[in-house]
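Everything below concerns the one structure shown next.
2 protein chains.
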Amino acid sequence: MTKHAKPDHPVLDVLTKRWSPYVYSDRAVSEDDLRSLFEAVRWAASSYNEQPWRYVVATQADPAAFERLLSCLNEPNQAWARRASVLALGIVSTRFARNGKPNPAAVHDLGLGAGNLLAEATARGIDVHQMIGIFPDRARELYALPEDSEAVTALAIGYAGEPDSADSGHGDRDRAPRTRKPLAEFVFGEAFGAPAGWL
Amino acid sequence: MTKHAKPDHPVLDVLTKRWSPYVYSDRAVSEDDLRSLFEAVRWAASSYNEQPWRYVVATQADPAAFERLLSCLNEPNQAWARRASVLALGIVSTRFARNGKPNPAAVHDLGLGAGNLLAEATARGIDVHQMIGIFPDRARELYALPEDSEAVTALAIGYAGEPDSADSGHGDRDRAPRTRKPLAEFVFGEAFGAPAGWL
Numbered sequence: 000m001t002k003h004a005k006p007d008h009p010v011l012d013v014l015t016k017r018w019s020p021y022v023y024s025d026r027a028v029s030e031d032d033l034r035s036l037f038e039a040v041r042w043a044a045s046s047y048n049e050q051p052w053r054y055v056v057a058t059q060a061d062p063a064a065f066e067r068l069l070s071c072l073n074e075p076n077q078a079w080a081r082r083a084s085v086l087a088l089g090i091v092s093t094r095f096a097r098n099g100k101p102n103p104a105a106v107h108d109l110g111l112g113a114g115n116l117l118a119e120a121t122a123r124g125i126d127v128h129q130m131i132g133i134f135p136d137r138a139r140e141l142y143a144l145p146e147d148s149e150a151v152t153a154l155a156i157g158y159a160g161e162p163d164s165a166d167s168g169h170g171d172r173d174r175a176p177r178t179r180k181p182l183a184e185f186v187f188g189e190a191f192g193a194p195a196g197w198l
Numbered sequence: 000m001t002k003h004a005k006p007d008h009p010v011l012d013v014l015t016k017r018w019s020p021y022v023y024s025d026r027a028v029s030e031d032d033l034r035s036l037f038e039a040v041r042w043a044a045s046s047y048n049e050q051p052w053r054y055v056v057a058t059q060a061d062p063a064a065f066e067r068l069l070s071c072l073n074e075p076n077q078a079w080a081r082r083a084s085v086l087a088l089g090i091v092s093t094r095f096a097r098n099g100k101p102n103p104a105a106v107h108d109l110g111l112g113a114g115n116l117l118a119e120a121t122a123r124g125i126d127v128h129q130m131i132g133i134f135p136d137r138a139r140e141l142y143a144l145p146e147d148s149e150a151v152t153a154l155a156i157g158y159a160g161e162p163d164s165a166d167s168g169h170g171d172r173d174r175a176p177r178t179r180k181p182l183a184e185f186v187f188g189e190a191f192g193a194p195a196g197w198l
């Protein structure tokens with residue numbers, strides 16, 4: 000299944016084709032593709048080039064490792080994410096390596112890294128659905144996260160499946176149309192809430 | 000000037016060509032391009048499709064508005080960012096619109112939106128340099144940000160200039176090679192710090 004955005008202004012195909020499915024097929028993501036997905040993260044921008052992103056990754060090829068990572072997701076997310084080919088935890092290093100001070104951009108920059116991963120995945124026909132609903136403490140315990148690191152997101156990585164192949168709740172979510180606010184609701188000029196004049 | 004990454008594994012051109020310059024030329028970014036940059040943000044993923052990103056944008060075409068936005072950047076950032084064609088503040092809505100509860104993904108998702116903007120900009124030959132060094136309280140006051148919104152980043156948007164056209168400090172930064180950690184330092188398998196087996 001594919002589900003393309005219909006933008007009001009022209010944007011790249013890798014942005015309109017990106018979509019977060021709930022239903023995954025059983026097709027495996029190759030190791031070549033995985034390497035390129037994380038290489039894409041590697042070249043993201045970050046504050047002071049700190050590169051605060053860290054990932055723990057598990058694939059269906061190692062069922063025990065996959066189940067372990069799955070257990071860090073909350074139950075509603077476990078229900079659909081267990082069908083994805085690959086799971087990853089998105090972790091941030093919360094302090095600057097060079098001076099130990101808190102990095103106020105760490106979580107934002109994890110998002111920048113993920114943006115790169117999503118673009119690379121979309122270009123390869125791979126779908127990614129991110130989650131904030133995880134158990135960070137469980138992740139800390141299972142993977143021995145150091146004190147200055149924190150699990151923030153999880154990523155389900157794979158190929159979207161047919162909505163009919165899943166229970167109706169997840170299938171219906173995948174069939175629902177894509178919706179977004181118009182630009183005038185979030186791009187402002189003179190003051191917050193006042194749309195920019197050039198919109 | 001351009002400054003391409005040399006990736007270890009193949010990734011999209013819009014990711015290798017992305018780069019955050021300090022030196023900008025005086026070429027203006029068109030309104031068509033600006034609309035597409037924020038349209039790119041619009042289609043980013045966000046937790047519960049909350050779309051927590053908000054932007055205040057000012058261009059050199061309106062010098063008073065530009066100076067006002069520039070004053071929200073810290074002094075070291077003002078020194079180089081004043082040459083960019085466009086400045087924007089990246090703001091998050093910190094609570095879910097539908098229930099008023101805190102959105103733990105808001106700052107992460109601002110990063111996802113920025114990732115889209117950067118990809119679209121790069122495809123158009125436009126350069127963006129983001130900053131975390133801003134005065135959020137000044138932004139709140141100048142633009143009447145509501146209590147549940149917070150300025151997190153600033154973005155300088157324009158066309159990279161020649162390093163020689165700037166003072167040596169900023170020119171030298173633009174001439175420095177691009178460096179990144181190897182994948183094995185941030186993509187793990189069995190435990191934090193243990194490189195994934197497929198790397």
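Chains A and B are the protein sequences, given in the same order.
In terms of numbering that gives the first Met the number 0, the first sequence has 48 at position 49, counting the first letter as 1, and numbering is strictly consecutive.
In terms of numbering that gives the first Met the number 0, the second sequence has 165 at position 166, counting the first letter as 1, and numbering is strictly consecutive.
All C-beta atoms in this analysis are idealised placements derived from N, C-alpha and C, irrespective of residue type, glycine included.
Bear in mind that the values here come from a model prediction, so they are computed numbers and not experimental data.
| Asked | Found |
| --- | --- |
| Interface residues of chain A around B/Leu111 at Cβ under 9 Å? | Gly110, Leu111, Ala113, Gly114, Leu117, Gln129 |
| Just the Cα atoms here: how many angstroms apart are A/Leu36 and B/Val10? | 8 Å |
| Find the residues of chain B that neighbour A/Ala4, judging by a C-beta separation of less than 8 Å, and give them in chain order. | Trp42 |
| Quick one: list the residues of chain B neighbouring A/Gly188, beta-carbon separation under 8 Å, in chain order. | Val55, Val56, Ala57, Ala64 |
| Kindly indicate which three-state DSSP category A/Phe187 falls into: helix, strand or coil? | strand |
| Going by the CB atoms, is the gap between A/Ala159 and A/Tyr23 shorter than 8 Å? | yes |
| Would B/Thr15 be called buried (16 or more neighbouring beta carbons within 10 Å of its own) or exposed? | buried |
| Please determine, among B/Arg41, B/Tyr21, B/Asp147, B/Pro135, the residue with the shortest C-alpha to C-alpha distance to A/Arg177. | B/Arg41 |
| Can you tell me whether DSSP reads A/Gly157 as helix, strand or coil? | strand |
| By the 10 Å Cβ neighbour count, where 16 or more other Cβ atoms means buried, how is B/Ala143 classified, buried or exposed? | exposed |
| Helix, strand or coil: which one does DSSP assign to B/Ser148? | strand |
| Starting from A/Ala122, find everything on chain B with Cβ-Cβ shorter than 7 Å and list it in chain order. | Leu11 |
| Can a CB atom of chain B be found closer than 8 Å to the CB of A/Glu30? | yes |
| Going by beta carbon distance, what residues of the same chain come within less than 6 Å of B/Thr121, once the five residues before and after it are set aside? | Val13, Lys16, Arg17 |
| With DSSP as the reference, label A/Val10 as helix, strand or coil. | coil |
| Mind listing, in chain order, the continuous beta strand (DSSP E) runs of no fewer than 3 residues lying wholly within the region 66-148 of chain B? | 85-92, 126-130 |
| Is it buried or exposed for B/Ser29, if we count other Cβ within 10 angstroms and need 16 for buried? | exposed |
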